[in-house]
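If you read the protein sequences in the order shown, they are chains P and L.
Going by my numbering, the residue at position 79 of the first sequence is 82; the numbering climbs one at a time, nothing skipped.
Going by my numbering, the residue at position 432 of the second sequence is 477; the numbering climbs one at a time, nothing skipped.
Using N, Cα and C, we set each Cβ at its ideal position, and we do this for glycine too.
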Amino acid sequence: MTSTAEWIKIDPERILHALQQEAVDKVNSAQGEVTLDFSSVLRIDSNVVGAMEQLAGLAGQRSVKVVLRAVNVDIYKVLKLLKLTQRFSFLT
Amino acid sequence: MTENVSSLSDDRIAYLEGLVRRGRTAAAVFTQFSQQDVDRIVKAIVLAGLDQAQYLARLAIEETRLGVLEDKAIKNMVATEFVYNYIKDKPSVGVIREFPERGLVEVAEPIGLIFSLIPVTNPTSTVLFKCIMAIKTRNAVVFAPHPKAWHCCQEAIRIMYESAVEHGAPEGVFTCVESPTIPDNNYLMRHKEVKLIDATGGPGAVKAAYSSGKPALGVGPGNTPVYLEKTAHLDMAVVDIITSKTFDNGTICASEQTVVIDDEIYSLAIRKFADLGAHICSEKETEILGRMVIDPDTGFMRPMAVGQKATDIARACGLRVKPDTKLLVAPIQGVGREYPLSVEKLFPVLSVYRATSVDEALRVCVDVNHAGGLGHTAVIFSRDDEIIRTFSEAINAGRIIVNSPGSIGALGGVYNDMVPTFSFGCGTGGGNSTTDNVSLYHYLNIKRVARRTQAHMWFRVPNQIYFNMNAVENLRHFPSQSTLIVTNPLLEQMGHVDIVRRFIPAQTPVRVLAIPDAEPEVKVVMQGVEALNLHRADQIIALGGGSVIDAAKLMKLKYESPEADLEELAAPFLDIRKRVVQYPTEKINRVRMIAIPTTSGTGSEVTPFAVLIDKERGRKVTLADYSLSPDVAIVDPQFVMSMPRNLTADTGIDCLTHALEAGVSIHASPYTDSNAMQAIRLAFKYLPIAYENPRDEEARSMMHNAACIAALAFSNCSVGVNHALAHAFGARFGVGHGRANALMLPHVIAYNASVPTKFMPSPNQRGYIAHKKYAMIADLLGLAGDTVAEKVKSLVSATEQLLDRLEIPRSIADLGISKEEFERAMPDLAKVAFDDPSWRSNPRMPLVSELVELFWSAYRGRSPANLGSVSEQATTKEWASV
């Protein structure tokens, strides 16, 4: 089986859309991993947290690895506090 | 408690879990907020709360039927405006405090999700206060208001929440448990995502919080004693007490409960209470009141009276009072169950007690304090600072309010500069962990960032050191009314004393005290003190080796400060700056001490140490303090020209050991290094010459200087494990100190140069450097080697060669000590060496097993075992950075 890598640059103005639409579509269609580039995202809110939880759930069901790239330490700490870091991979 | 939790339905648990999930997410998201974000939201919610202060007060009154509308509105305003005023400029995100001079920085870390109980007595104000604290500290809160105040609290939470979220706070930052029950509370208190419980409530709720196993803030019950002392400003005191006790109908737990009034002002005070609207109860009325408002079975107030008006309480009790009565004042004759009104009364009933003395007044206040109010609040009205101080010491209360109203005073920020709060910590007396007014700092984990600091160092030496041949002539410069020369009989016979006397100004009366040539005992010291006293001496000249000079130091100490306890002053210490026992600074006599050494080894002429023999206990103690250092040292080689060869060798090696150990000491500094290195250089060069040609004046002079210079170094950075081993071995087998040092020296160099099993904590050094410093010494001596390890090996070899040249036995076995005897002694040797303070400045912390290994290494002699384990790659460049 061949795996494919998908890449989404997260727009800080449209994080929810990116997670709930684009990322979900990629996870549904990918066979390897999906990388979400957070390099432009400075902060996340409760809704984004919820969307990330859902995305992690979907990725788990579909055995797709979701890689978060360039997550700043503040966001990483939020994910750590919510025990979400174990559900994603991280890339600097 | 577990049964309570198990009674929750699945739906209810799911509901509670939902609250926790929202709060937990909000708390996590909140961690990203900046100080500016937080302060913006805080200001917005403060204004929102302030705007609705009266509305929320009305809701609270309508729902709880407790208190006074106007007062509740004021409380809401204090909870917002006053609290804001206190916190607005206080940092609560990131770095919150800096102490640059201590290298300390405090950094705030939010707690996370807080579960908060709200009382029925102060519902909306407590909600407002806690919301502001939570936002300021980036925490989320799940509130559980008292069921009888749920609606007003829920509305207060809604107002604060909507304002907070509108201004950017995370959704879910505040939630409120709908119709909370005890099982709900217990479930949430034990929830793993709840990080802190803030239990402002009754004793049951507080106890449950503390029993949950979670960190908790809790208040305790109050029973505020008030001492109205005869010097008080009476008009002010009576108005303050009425203001406080009637404020919100007495619902604030810090309000006055029993006023103890001095007999001299009792009648006048009671009349003033009556004039200002209080009803003074008769004995019969007091009895009725006590029975009606206090439950005789429990001894606690009845809920029906809490927060009610004085007139309503009077009516309910069948007492006839004027319609404008503010307060019921009930005289009592004691404290305890037989005096029901001596307990906490959260309503406008005030008990008063007439005290016939200050002592009685204080005793009754203590009784009230202990009758349910430990750790909470106490009040005193007085203009006598001494009585205020005595009261403060006698009463166990987190807040002792002076000349102001108890309830409003305890809240802080109005009548005093205490921290504004709606939650009073009551310390252990109230079963709490703090006596503070709970505030923003209790809602934070405060992280301390501690930068490495360097201990302040010093380099202390005697004021004057004269050296070179005939330096003794400088005695001429020291006028004295009476001089005592302390020496030993041999030196007297050798004519050394006569030489000294020759240079003491002719008119000076001089007496000579010849003491045994051995480490001094207390009785010898006291002989000297007696002589000093007899002759009213103002100068001691110590002429001799280390023992004589040490004895003279202690004579001086006891002569100047007779109360000095030598036994106590010998108490061990780790750091001389932090020692427990301090040397006396008060002196009844003043005496100048001049030390003239007659050996070239101990350096006692400049050191702050003195060794004393305790014959009764069979031990040797070392006293150390810079006040023991002689005032003047005269290092004149003429007194060592006739020193025997073996003594020259042994004392010379003692000098070399001092310098080598000072060189690698963890307290070494550039100041001590300069002395240590020079002493090492001089000893290696001149000791063999002085040994082989005792009349060589230059060699004698240089070795005499070397001993003094080495002592200047180790006086300021101490010695090391070599001395610990030598002290133990020398004492056990009667081997002289210098020789014992010599037997250990090559092995200790090898040991210190190898990688330590345990590093010695040494804040002033960057990394382990002992081996590099040995390499530096090797270079100074011009020894062979390219790497540090090679240079260390060369230094060990050079030391061994020096010992051979001095004809010093190279192993303990060579001394004729059998292996069996040494083996038998080993447990004691190791113990004594480990107890010896000398090694505490050694670069390597010795394990007891390592001390044993070192002893055996010295027993076998030659070829130190540890050599070669230092980094072979370390180069000369490395030590250059030391």
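CB contact flag (Thr182 (chain L), Leu489 (chain L), <8 Å): Counting from one through the second sequence, the residue named residue 182 (chain L) turns up at place 137. Counting from one through the second sequence, the residue named residue 489 (chain L) turns up at place 444. A contact, by the Cβ cut-off of 8 Å.
Residues near Val413 (chain L) by beta carbon distance below 7 Å, same chain, minus five either side: In the second sequence, counting from the first residue as 1, residue 413 (chain L) sits at position 368. Excluding residues within five positions, the ones whose Cβ falls inside 7 Å are Asn268, Pro270, Gln302, Thr303, Val380 and Ser387.
Member of L:Cys298, L:Ser719 and L:Asn508 whose CA lies at the smallest distance from the CA of Asp442 (chain L): For the purposes of this step, residue 442 (chain L) is taken as residue 397 along the second sequence, with counting starting at 1. According to the sequence shown, residue 442 (chain L) is Ala rather than Asp. Here the closest residue by C-alpha is L:Cys298.
Interface partners of Leu85 (chain P) on chain L, CB under 8 Å: For this step, residue 85 (chain P) is matched to residue 82 along the first sequence. Per Cβ cutoff of 8 Å: Arg69, Thr70 and Ala73.
Beta-carbon contacts of Thr95 (chain P) that lie in its chain and below 6 Å, excluding the five residues immediately before and after: The count along the first sequence starts at 1 and reaches residue 95 (chain P) at position 92. Cβ within range, chain order: n/a, list empty.
Beta-ladder partner(s) of Val555 (chain L), from DSSP: Numbered from 1 along the second sequence, position 510 holds the residue referred to as residue 555 (chain L). Answer is L:Thr528.
CB contact check: Met4 (chain P) to chain L, cutoff 8 Å: What you label residue 4 (chain P) is simply residue 1 of the first sequence in a count that begins at 1. Residue confidence is low: Met4 (chain P) scores 46 on pLDDT, short of 50, so the model does not pin down where it sits. Its coordinate-derived value is still stated next. No - not a single Cβ of chain L is within 8 Å of the one on Met4 (chain P).
Same chain, Cβ closer than 7 Å to Ala596 (chain L), neighbours up to 5 away in sequence not counted: Here residue 596 (chain L) is taken as the residue at index 551 of the second sequence, counted from 1. Closer than 7 Å at the Cβ level, and outside the excluded window around Ala596 (chain L), lie Val531, Ile560, Pro565, Val569, Val570 and Gly573.
DSSP bridge partner residues for Val239 (chain L) (one or two, in chain order): Residue numbering aside, residue 239 (chain L) sits at position 194 when the second sequence is read from its first letter. Answer is L:Leu158, bridged to Val239 (chain L).
Whole-angstrom distance between His196 (chain L) and Phe160 (chain L), CA atom to CA atom: Translated into the one-based positions of the second sequence, residue 160 (chain L) becomes position 115. Translated into the one-based positions of the second sequence, residue 196 (chain L) becomes position 151. Going from the Cα of Phe160 (chain L) to the Cα of His196 (chain L) covers about 18 Å.
Identified DSSP bridge partners for Thr13 (chain L): The question about residue 13 (chain L) has no answer, for chain L in this structure spans 46 to 927.
Own chain residues within Cβ distance below 8 Å of Leu321 (chain L), not counting five before or after: The count along the second sequence starts at 1 and reaches residue 321 (chain L) at position 276. Val283, Val284, Ile287 and Lys371.
Close Cβ partners of Tyr255 (chain L) (< 7 Å) along its chain, the five nearest in sequence each way excluded: On the second sequence, residue 255 (chain L) is found 210 positions in, with the first residue counted as 1. Spatial neighbours of Tyr255 (chain L) in its own chain (CB-CB distance under 7 Å, excluding positions within 5 residues in sequence) are listed in chain order as Ala261, Gly263 and Gly476.
Beta-carbon proximity of Ser645 (chain L) to Ala752 (chain L), cut-off 8 Å: Counting from 1 along the second sequence, the entry for residue 645 (chain L) is found at position 600. Counting from 1 along the second sequence, the entry for residue 752 (chain L) is found at position 707. Contact flag set, yes.
Status (buried if at least 16 other CB within 10 Å, exposed otherwise) for Val656 (chain L): Counting from one through the second sequence, the residue named residue 656 (chain L) turns up at place 611. Buried, since its Cβ has 16 or more Cβ neighbours within 10 Å.
Closer than 7 Å: Arg745 (chain L) CB and nearest the ligand GTP heavy atom: No copy of the ligand GTP occurs in the structure displayed, which carries no ligand at all.
Lys367 (chain L), buried or exposed, once every other Cβ within 10 Å from all chains shown has been counted against 16: The residue labelled residue 367 (chain L) in the question sits at position 322 within the second sequence. Under this definition Lys367 (chain L) is an exposed residue.
Arg855 (chain L) to Ser674 (chain L) span [Cα, whole Å]: On the second sequence, position 810 is the one that residue 855 (chain L) refers to. On the second sequence, position 629 is the one that residue 674 (chain L) refers to. Spanning the two alpha carbons is a distance of roughly 34 Å.
Exposed unless 16 or more other CB atoms sit within 10 angstroms - verdict on Ala903 (chain L): If you number the second sequence from 1, residue 903 (chain L) lands on position 858. Label assigned to Ala903 (chain L): buried.
Through-space distance from Pro891 (chain L) to Asp867 (chain L), alpha-carbon basis: Start at 1 with the first residue of the second sequence, and residue 867 (chain L) comes out as number 822. Start at 1 with the first residue of the second sequence, and residue 891 (chain L) comes out as number 846. Here residue 867 (chain L) is Phe; the residue named in the question, Asp, does not match the sequence. Taking the straight line joining both Cα atoms gives about 20 Å.
Chain P within 8 Å of Glu48 (chain L), Cβ atoms only: Working through the second sequence from its first residue, we reach residue 48 (chain L) at position 3. Because Glu48 (chain L) carries a pLDDT of 46, less than 50, the predicted location of this residue cannot be relied on, and no value is offered for it.
Nearest-angstrom Cβ-Cβ length linking Val210 (chain L) and Glu216 (chain L), presumed shorter than 8 Å: Translated into positions along the second sequence, residue 210 (chain L) becomes position 165. Translated into positions along the second sequence, residue 216 (chain L) becomes position 171. Confirmed, Cβ separation roughly 6 Å.
Under 7 Å from the C-beta of Ile11 (chain P): neighbouring residues of chain L: Along the first sequence, one-based indexing puts residue 11 (chain P) at 8. By Cβ distance, chain L contributes nothing, its closest Cβ being about 22 Å from Ile11 (chain P), past 7 Å.
Within chain L, partners of Val52 (chain P) - CB distance below 8 Å: One-based indexing of the first sequence puts residue 52 (chain P) at position 49. Chain L residues near Val52 (chain P): Thr70, Ala73 and Val74.
The alpha helix (DSSP H) enclosing Trp10 (chain P), as first and last residue numbers: To locate residue 10 (chain P), count along the first sequence from 1; it is residue 7. Membership of Trp10 (chain P) in any alpha helix (DSSP H) is not indicated; the residue belongs instead to the beta strand (DSSP E) covering Ala8 to Lys12.
Closer than 8 Å to chain C by CB, Ser49 (chain P): Reference to chain C is not applicable here, since the protein chains of this structure are P and L.
Presumed contact (8 Å Cβ cut-off) between Glu605 (chain L) and Asn634 (chain L), rounded CB distance: To locate residue 605 (chain L), count along the second sequence from 1; it is residue 560. To locate residue 634 (chain L), count along the second sequence from 1; it is residue 589. About 5 Å separates the two Cβ atoms, so the contact holds.
Residue-level contact to chain P via CB, Ile159 (chain L), 8 Å cutoff: Taking the first residue of the second sequence as position 1, residue 159 (chain L) is located at position 114. So no, Ile159 (chain L) is outside the interface.
Environment of Ile621 (chain L) [buried if 16+ CB atoms lie within 10 Å]: Numbered from 1 along the second sequence, position 576 holds the residue referred to as residue 621 (chain L). Burial call: exposed.
Sufficient close CB pairs (3 or more, under 8 Å) joining the stretch 870-883 of chain L to the stretch 816-823 of chain L: no
Spatial distance of Asn647 (chain L) from Val542 (chain L) (CA atoms): Position 602 of the second sequence, counted from the start, is the residue given in the question as residue 647 (chain L). Position 497 of the second sequence, counted from the start, is the residue given in the question as residue 542 (chain L). Here residue 647 (chain L) turns out to be Thr, not Asn, going by the sequence shown. The alpha-carbon atoms of Thr647 (chain L) and Val542 (chain L) are separated by roughly 20 Å.
Host beta strand (DSSP E) of Asp881 (chain L) (start-end): The residue you call residue 881 (chain L) lines up with position 836 of the second sequence. First-last for Asp881 (chain L): undefined, no H or E at that position.
Inter-stretch contact at 8 Å, needing at least 3 Cβ pairs: the stretch 138-148 of chain L / the stretch 437-453 of chain L: no
Same chain, Cβ closer than 7 Å to Ile90 (chain L), neighbours up to 5 away in sequence not counted: Position 45 of the second sequence, counted from the first residue, corresponds to residue 90 (chain L). If we look at Ile90 (chain L) and ignore the five residues flanking it on each side, its Cβ neighbours are Cys176, Ile177, Ile180, Met205, Ser208 and Ala209.
Three-state secondary structure (DSSP) of Gly63 (chain L): As a first step, residue 63 (chain L) is located in the second sequence; it is residue number 18 there, counting from the start. Helix, per DSSP.
Test item: CB-CB of Leu896 (chain L) and Val780 (chain L) under 8 Å: The count along the second sequence starts at 1 and reaches residue 896 (chain L) at position 851. The count along the second sequence starts at 1 and reaches residue 780 (chain L) at position 735. Not closer than 8 Å, so no.
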